Structure formats: C-alpha cells, structure tokens
Amino acid sequence: MLTGVAYTTWLERKVIGRIQNRWGPTRVGPFGLLQPLADGVKFILKEDLLPDYVHKGLFILAPMLALVMSLISIAVIPFGETITIAGHTTALQISGITHAGGGISDINIGLLIILGVTSIGVYGVALAGWSSNSKYSLLGSLRASAQMISYELALGLSLVGILLLSGTLSLREIVFSQSGNWVLGGHDTHVPHWFIFPQIVGFFIYLLAAYAETNRIPFDMPEAETELVAGYHTEYSSMKFAMFFMAEYVNMFTVACLATLLFFGGWHGPHLGFLPPIGQALLPVVYFAAKVFFFIFLYIWIRGTLPRFRYDQLMAFGWKFLLPLAIANIIVTSLIVAWGA
Amino acid sequence: MVHQVLFIVFGLICVAGAINLLVQRHPISSALSLVVVMASLALIYLLLGAEFVAAIQVIVYAGAIMVLFVFVIMLLNAGAEERTRGSRMALIVGVPGVIILAGTVGWMLVSGSGRLGTVSISSSNFGETHNIAHLLFRDFLLPFEITSVLILIAIMGAVVLGKREN
Amino acid sequence: MVPLSWYLILSGILFSLGVLGFLLKRNIITIFMSIELMLNAVNLSFVAFANYWNTHPVADKSIVPLSGQVFVFFVMVVAAAEAAVGLAIIISVFRTRETLNVDRVNLLKL
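Chains as they are written, first to last, in my numbering: chain A, 465 to 805; chain B, -16 to 149; chain C, -7 to 102.
This is the structure:
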C-alpha cells in the first residue's frame, strides 16, 4: 500500500502536468515511472534538520502521529471477500478474522474507528505548527486544525444516512447490504443496490468534507505553497516532511476506499462467468481497485481544475452550508426509511 | 490471564499519564498526558466490552475536547507555570484529605474484593451500538433531549463569552 | 478474569490524582484538566459496573445493565459543554488580567 501511495504521487504529477498542458515527470525511467524511487532516495539522503529553537519532543512526535493515524485507518478497510491460496483462506482485510466455516468477523465499529483516528490526526497538524516555534507555522497549523475539526462534523453527519440505510457500523456489513439490485414496487430494476442512488446528497457532502479533511484543493489554504510560506510544515525537511506527505496521500487513499465501500458497493460488480476460478476469486479485488483508482483520479482532477477557497469562505462553507445540508439529509432519509418500513 | 496483563499494562499507562499531568510545568505537556490517559482509558473500555463508549471516548473526549484545550493553550501561549505562594490551606488540609479519602476507598475495595466478584471480556456483544441506541432513545429519551438543549445553551454561552468587547 | 475491585481501584487512583491536581496546580487550564481527569475516572467506574451487572444479573428489573454505558454518554456530553463554556471564561479572564495564574486573579478589582 505504501508503494501505491508512492505511485499516487507519480500519477498526480503526470495528470496535473497533462491538465496544465505539459508532460510531468518523463526523465527518470520510462514515462517517469521511477520518479517516486528518485524522490524516496532524495528524501533519505537529504539532511534532516532539527533546528535549535523548536520544541524537540513534539517536533519529532507530530509527523509520526500524523502518519501512524493515517495507517491505522487502513487496517479496518476490507477490500474483498476471502481469498484461498494453497488451501489457506484469508479474509481480505488487515483486521479481519476468518472462521473455520468461511465466515469473516469484522470490527463492529469500523466506521467509528475511522472517524476516531481522523479526530486524533488533528493533533499531528496542531502540534507540528506549535512546536515549530515560528509565526507562519503556528498560524498555518491553527487554520488547518480549525478547518479539520469543522469539517469533521459534516463528514460524520453525512455518513449517518448510510447508517440509516444499512443499519450497521461494520464496513463489511455495509458492503454486504449493497448486494443485489434495487427493487421498486416489486419490479427488479437492473440498478445495483449501491447507496449512492438514494444518498446522492450525502455523497456530495461526504466528498467535500473529505477533501477539506485531507487538506486538498479546493480546501488547501493552510498548506498551499503560495500562502503562509508552507503552513504547518515550513520547518520540516527530509524524512519528517516525507512523513507528512505520505500521511496526506494515505488519507486520500482512505477517503477513496471509504467512498467506494459506503457509496459504490465496494467490491461488487458484474459477475464474469467466463474467467477461470482464480480470476473469479480476484475479480472483487479488481473491481475495488478500479473504483478506488477512479476516486483518486477524481481527487487529482479536481486539484488541477479548481482554484482554492479563501479561509473565511472555507469556514463559512463548512458551517453554514454543509452542516445544515447534512442535517437535512439525515431528516429526509430517516423520514423515507420510517415511511417505507 | 491475557485480560489481566492487558489491564495492568493499560492501567499503568493511565496512572503514569495522570502523574505526568501533575508533574509537568508546561500546560501543553499536561494536555498531551491527559490525551494519553484518555486513549488508554478507551482501550480499557474495550476490555470491558464497551465498544461504542470506547469509540465515543476517542472521538469526543480525546479528539474534540482535548483539541479544544490544546487550541486554547496554543492561542493564549502563557508559558510554563511559575511558583506562586497562594493559599497554604489547600496544601495543609487538601493533600492529607485526599490521601485519607483515597486510602479509605482503596482499603474498602481491597477488603471487599472477595464479595465484588470479577468482570470478564464477555462474548455476548452486550455493548453493541444498537443495544445502547435502544436504551438511549426509549428509556432515556428525556435526558437525551435535555442534554441536547444543554449543548445548545453551552454553544450560545461560549459564543457570548468569547466575543470581544467593542 | 479481572476482579472488579481492580477497575474501581484504578478509578479511585485517577480520581485522587485529579483532586490533587486541582488543589496543587496554579495554572487555571491545568486545574480544568484535572477536573476532566476526575470525570474520566468516574466514567471508568460506570463502565466497569455496567459490565459487572451484565455478568452478574440481579432479579431487580429496575437495574438495566447497559445504563452504565448510557450514563457515560451523558457524562461526556456534560463534560464537553462544561469544557466549552469554561474555556471561553478562561479566555475572557486572560484578556483582562493577562495572566493564567489563579493566585493573581484573587481580587475583584483589576
């Protein structure tokens, strides 16, 4: 998965380059494919500064905290059913346990765990800015953390619509409740039972709130290169900066995975009967990977296309537009669920 | 056995964090030790089968209330604590009082531990979210609504108190 | 199998440390954090008792085992509300007095 993150940086530079009518990395390896390797070597060999005026303990702790919290949220994400290799069956999830009969135990509160580590990730940003003991870092980190905690509310509330429809907090169960097709009035519409169709407003809110949580354009005012020097990671160099960088991309990956699991049916897709059994076992993973790839591409596409919000516009948008809209979404969804039951 | 080891480990982390909160001079270190205490308490709640409460502890307490504390410490930037000689009464009466209180409670618990029995990591999934939801929205609906009004009052109070006098 | 008294002793230790912090510390924010520590200690004993009543059921139907965890929910809500208002008060005190030391905020007149 860390390799995936490294190649997401390559993909981003290529796609942004193409959107801006230039090539992107082409020199290192064919199509610039070894560029992440070159970046990694550069990060390792660069001098890792520890300035005198920083608060040393927190300075070192902050990027570690950010990266560790991002990686923990990957542990609860399922990316397939089970896979049987050489007679040994494993559930496709880092924290899943396979039972003897083929059932898989998942964590009951998977979605809450992801929200929880998102909340703790705010500390990484806040402490980075404060420990750097510089005006730009402090202001940048205060803005970034205020933005992150404001949009956490809209993020959490937008997921309540999904909870109303699926009735469980476990991510595997939510994907399981998206199998089959929608049945309207007794007729089987051949539309898959994905939650994006009733929850299109919730999906829109989730995507915007997640973009703000991961500090990506159009919400990346706190860390944009032209604003406030570089925001909360001004004083960081080499490996610690690389940890912040990786944390941001792992967060992007988590958001993309959650969007596919909650709204797009996870690993469900058309059943292709003509593939050999090994192909059919891997097909759910291929579907999952394709959907996650689409969301990461959407992230990069929006980055290349939209300008960024000003800070007061950003906060007003989060509190005055997204939060009431999320609450209205919950009210409407619960009325429809109660009326239909 | 595993339960005991886990409890002792997380209990020691809790107590170490609490002692660190008292010992540190700078409020930001105290705040971060309190976050450590809350996180290890969340893990102890998981040992007691309270999974929803553990998640809420991390999301609300460690992830929102303590972030608020850290923000205020960062904004006010008052620096490390200085030693001022205030009231001696707190030291003379308070500290022995606390020691007596803690000692009494501890002695009662240790001597009565035979009658109290044990807790265990039950496999009956009794702390599940929908069980809590049933209680919260049926039996405890009135307190739930009153706490929502309480939060509204707190929001208004905080906004009014935080405004600058122009 | 951990005896219930161990959980209660841990809760008692945390509570007494919170009271000690409340009495001994001079920074107003640290005093406030000791209050939060006390509330957390009480939450621990609630959850421990909720588990205990679940594994040792009583005939009295009015004791709902899970209500311990529901009460923790309410304690957290009250703690959040109290933290918000208390920190707003601390900020406004800081604006006028320029200090966070409680020993210096001991006169009604500035």
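Here a beta-carbon is modelled for each residue, glycine too, at the ideal position from N, C-alpha and C. Model, not experiment: these values are computed from the prediction.
Sub-8 Å separation of residue i and residue j beta-carbons
i          : j        : result
Trp487/A   : Gly481/A : yes
Thr724/A   : Lys755/A : yes
Ile573/A   : Leu633/A : yes
Leu535/A   : Glu545/A : no
Ser605/A   : Ala590/A : yes
Glu699/A   : Pro489/A : no
Leu(-11)/B : Leu30/B  : yes
Ser595/A   : Ala526/A : yes
Arg636/A   : Pro542/A : yes
Ser630/A   : Ser614/A : no
Gly4/C     : Val43/B  : no
Ala37/B    : Ala42/C  : no
Arg680/A   : Tyr763/A : yes
Leu92/C    : Asn19/C  : yes
Separation of residue j from residue i, as counted between CA atoms
i         : j         : result
Thr718/A  : Leu466/A  : 12 Å
Phe668/A  : His654/A  : 24 Å
Leu576/A  : Gly80/B   : 41 Å
Thr473/A  : Pro500/A  : 7 Å
Arg89/C   : Val97/C   : 7 Å
Lys506/A  : Ile483/A  : 26 Å
Ser59/C   : Phe38/C   : 9 Å
Phe54/B   : Ile83/C   : 11 Å
Val102/B  : Leu12/C   : 29 Å
Ile561/A  : Thr554/A  : 8 Å
Ser26/C   : Tyr471/A  : 47 Å
Phe109/B  : Met72/B   : 47 Å
Asn20/B   : Phe523/A  : Checking the sequence shown, residue 20/B turns out to be Val, not Asn. Each residue's Cα considered, the two are about 21 Å apart.
Ser13/B   : Gly46/B   : 16 Å
Met(-7)/C : Thr130/B  : 36 Å
Cys(-3)/B : Tyr(-1)/C : 12 Å
Ser107/C  : Glu476/A  : Nothing about residue 107/C can be reported from this structure: the residues present for chain C run from -7 to 102 only.
Phe727/A  : Gly0/B    : 40 Å
Asn597/A  : His697/A  : 12 Å
Ala592/A  : Val801/A  : 44 Å
Ser16/B   : Pro49/C   : 37 Å
Status (buried if at least 16 other CB within 10 Å, exposed otherwise) for residue i
i         : result
Ile742/A  : exposed
Leu99/C   : exposed
Asp684/A  : buried
Gln611/A  : buried
Phe120/B  : exposed
Tyr517/A  : exposed
Lys704/A  : buried
Lys17/C   : buried
Ile82/B   : exposed
Asn32/C   : buried
Phe785/A  : exposed
Ser(-3)/C : buried
Pro771/A  : exposed
Asn870/A  : Since the first residue of chain A shown is 465 and the last is 805, residue 870/A is not available in this structure.
Leu648/A  : exposed
Gly86/B   : exposed
Leu6/B    : Strictly speaking, residue 6/B in this sequence is Val, with Leu absent from that position. Result: exposed.
Selected residue, minimal CA-CA separation from residue i, among the options
i         : options                                   : result
Val132/B  : Val62/C, Phe66/C, Ile21/C and His48/C     : Phe66/C
Ser569/A  : Ile578/A, Ile558/A and Ile508/A           : Ile558/A
Phe123/B  : Leu6/C, Arg18/C, Val64/C and Ala40/C      : Val64/C
Arg607/A  : Tyr44/B, Leu26/B and Leu58/B              : Leu58/B
Tyr713/A  : Tyr775/A, Ile561/A and Phe759/A           : Phe759/A
Ala72/C   : Ala137/B, Val76/B and Leu92/B             : Ala137/B
Phe35/B   : Leu135/B, Glu148/B, Asn114/B and Met91/B  : Asn114/B
Gly468/A  : Met716/A, Tyr675/A and Met779/A           : Met716/A
Val540/A  : Val581/A, Leu529/A and Leu531/A           : Val581/A
Leu157/B  : Phe86/C, Lys101/C and Thr91/C             : Any answer about residue 157/B is impossible in this case: the structure gives chain B only from -16 up to 149.
Ile48/B   : Val56/C, Val69/C and Thr47/C              : Val69/C
Gly78/C   : Phe(-7)/B, Val18/B and Val142/B           : Val142/B
Leu671/A  : Phe752/A, Trp646/A and Leu722/A           : Leu722/A
Ala673/A  : Ala802/A, Pro734/A and Leu778/A           : Leu778/A
Leu603/A  : Leu799/A, Leu498/A, Pro686/A and Met533/A : Pro686/A
Pro(-5)/C : Gly95/B, Ala116/B and Glu111/B            : Gly95/B
According to DSSP, residues forming a beta bridge with residue i
i         : result
Pro494/A  : Looking at the DSSP assignment, Pro494/A forms no beta bridge with any residue, so it has no partner.
Asn19/C   : Asn93/C
Ile656/A  : Residue identity check: residue 656/A is Pro in the sequence provided, not Ile. Paired residues: Asn645/A.
Thr562/A  : Ile568/A
His651/A  : Leu648/A
Val(-6)/C : Val102/B
Ala555/A  : Thr546/A
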